[in-house]
Every structure is written in C-alpha cells, then in structure tokens.
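Numbering (the numbering used here), first residue to last: 206 to 458. Beta carbons are placed, not taken as given, at the ideal position from N, Cα and C, and that holds for glycine.
The following block contains the structure:
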C-alpha cells in the first residue's frame, strides 16, 4: 500500500475532552426561570440538576457557551470551554448545601489577604503597593465599617475579631450566585477584599487583577517578561472576568 493509500491517523482526543452530541442549544422559559436545552433536552449538571437560571440574559449566555462548545456535532470540548456553566453549576449544586463551608473557605483569606502584606521600606514596589492597594483597603473599611490590619514582610497577622465577625455576616448576606462567583474570583485574585469589590461592582477585572499581580508585574519590569508568568496572569484574568460577567448577566432581566 502506498503512503497515499494509507488511512489517515485520527487526531488525538484532548485530555478530559467530551464529544459534542447536539446540534442546537436553546433557552426555554419556565415558571421560575429560563432553562438551557440541547436539541430540546435539558442540560443536566453533575448532580443531575437541570441548568435553569432566573435571568434570561444569563441563560442566553449559557446557551451561547454550549452552542460554541465543540463547534459541530462530533467535535470535542473541555469543561474549561464552559466557564459560565461552571459558576452556574456551583450556584445551583455546590453552594446551597454547603454555604457554611464555602463561607469558611472565603473567610480564610481575611488574615492572609494579599493586600495586607506589604514590602518593607520605600522601594518602588513598596510605593506602588501603597498607591494601588491602599485605596481598596480604605474602600473596604469605609463601606463595611471594619478595621483592616496590615504588616510589612511575611510575618502572619490576624484581623480583629470584630472584623472577622463583620466579614462573616457580610458573606452570609450574599446570594448563592455571589458566593459562587467569589469562589472563582477570590482564588484568582488572592484577595477576599478585591473579590468583594468585584461583587459590589467596584473596579473592572483588569484593574483588580493589576492590583493582585503587582509583584509579578514589577519583577518582569525589572528582569524582563516571563511567558510562564504572563500565561498564569492571563488565566487568572479569565477567571476574574468570568465571575464578573456571570454576575453582570445574572443581574439583567
């Protein structure tokens, strides 16, 4: 058999990929929300909950994700291709039955928060930290009526008990959707306080991540760009932007 007659080798399936089986994703109004369907069948989340949300705008954004996933029937897609669906799944299946645990995991950032640990001295980095981080800490203190301690160096600090009580009450007052969005944004930002700013509509994802990645940016300004670092920053920005977009769509009719 000649080389031309050999059967072409199939392209390898991407790790963790799934095969698309549907032609059309759509939104169907329901009594208490808007369901996402694939060829007329409801999308089921891992615990078999139907993918249904209270906002048409969010449902249409979710349907658009599924319509784009894998491009055509038989194409492959990965969970990372459905970022809004991931947050919606957390809102519908993870958070409702585990609010206390979700809140505890977010509250763990309170005393280890990036913004509370500054470079000592008066270096360029220390000045930039005061310039960029100070206003966000001031905003948190003024908005939520709490004291936030900061330190120089890496010696651990704890926030006042009153502050921790205020933060817990604040997190408990948030909706399942807001907690789900924080669950994505806070690890990406390394900061509960920047995450709260995002949920409250203060600052863009780009502005907030610029604060969160100040140290990396200053290092690259001094020593040159590092593609591994820039790739990680880009990935973190996608997470923060997805969380913001999810809440933006949810708050629309």
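Worksheet item: Could you give the distance in angstroms between the alpha-carbon of residue 453 and the alpha-carbon of residue 406?
Response: Residue numbering aside, residue 453 sits at position 248 when the chain shown is read from its first letter. Residue numbering aside, residue 406 sits at position 201 when the chain shown is read from its first letter. Between the alpha carbons of residue 453 and residue 406 lies a gap of roughly 9 Å.
Discussion item. What does the Cβ neighbour count give for residue 360, buried or exposed, with the cut at 16 atoms within 10 Å?
Written reply: Along the chain shown, read from residue 1 onward, the residue named residue 360 stands at position 155. Exposed: under 16 other Cβ atoms inside 10 Å.
Worksheet item: Whose C-beta lies closer than 8 Å to the C-beta of residue 348 among residues of the same chain, with five residues either side of it excluded?
Response: The residue labelled residue 348 in the question sits at position 143 within the chain shown. Result list for residue 348: 405, in chain order.
Fill in: Residue from 251, 261, 393 with nearest C-alpha to residue 205
Residue 205 lies beyond the residue range present for the chain, which begins at 206 and ends at 458; the question has no answer from this structure.
Practice prompt. Kindly identify the DSSP beta-bridge partner or partners of residue 291.
Written response: Position 86 of the chain shown, counted from the start, is the residue given in the question as residue 291. For residue 291, which the question treats as bridged, DSSP gives no partner whatsoever.
Item to complete: State the Cα-Cα distance for the pair residue 155 and residue 336, rounded to the nearest angstrom.
Response: Summary: the structure shown does not reach residue 155, with the chain confined to residues 206 through 458, and so no result is reported for it.
Worksheet item: To the nearest angstrom, how far is it from the Cα of residue 381 to the Cα of residue 279?
Response: In the chain shown, counting from the first residue as 1, residue 381 sits at position 176. In the chain shown, counting from the first residue as 1, residue 279 sits at position 74. C-alpha of residue 381 to C-alpha of residue 279: approximately 34 Å in a straight line.
Fill in: Extent of the continuous alpha helix (DSSP H) to which residue 445 belongs
Position 240 of the chain shown, counted from the first residue, corresponds to residue 445. Judged by DSSP secondary structure, residue 445 falls within the alpha helix (DSSP H) whose first and last residues are 432 to 455.
Discussion item. Let me confirm a value: residue 292 is counted as buried when at least 16 other C-beta atoms fall within 10 Å, else exposed. Which label applies?
Written reply: As a position in the chain shown, residue 292 is number 87, starting the count at 1. Under this definition residue 292 is a buried residue.
Practice prompt. In the DSSP assignment, find the alpha helix (DSSP H) that holds residue 346 and state where it starts and stops.
Written response: The sequence position of residue 346 within the chain shown is 141, counting from 1. Per DSSP, residue 346 belongs to the alpha helix (DSSP H) from 329 to 349.
Discussion item. Please identify the residue among 264, 378, 354, 277 whose C-alpha is closest to the C-alpha of residue 457.
Written reply: The residue labelled residue 457 in the question sits at position 252 within the chain shown. When each option's Cα is compared against that of residue 457, the closest is 264.
Worksheet item: In terms of DSSP beta bridges, what is residue 364 paired with?
Response: What you label residue 364 is simply residue 159 of the chain shown in a count that begins at 1. Partner(s): none; residue 364 has no beta bridge.
Worksheet item: For residue 312, which of 343, 285, 245, 391 has the nearest alpha-carbon?
Response: Against the chain shown, residue 312 aligns to sequence position 107. Ranking the options by Cα distance to residue 312, first place goes to 391.
Worksheet item: Where does residue 409 sit, in a helix, a strand or coil, going by DSSP?
Response: The count along the chain shown starts at 1 and reaches residue 409 at position 204. The three-state reading of DSSP puts residue 409 in coil, since its state is none of H, G, I, E or B.
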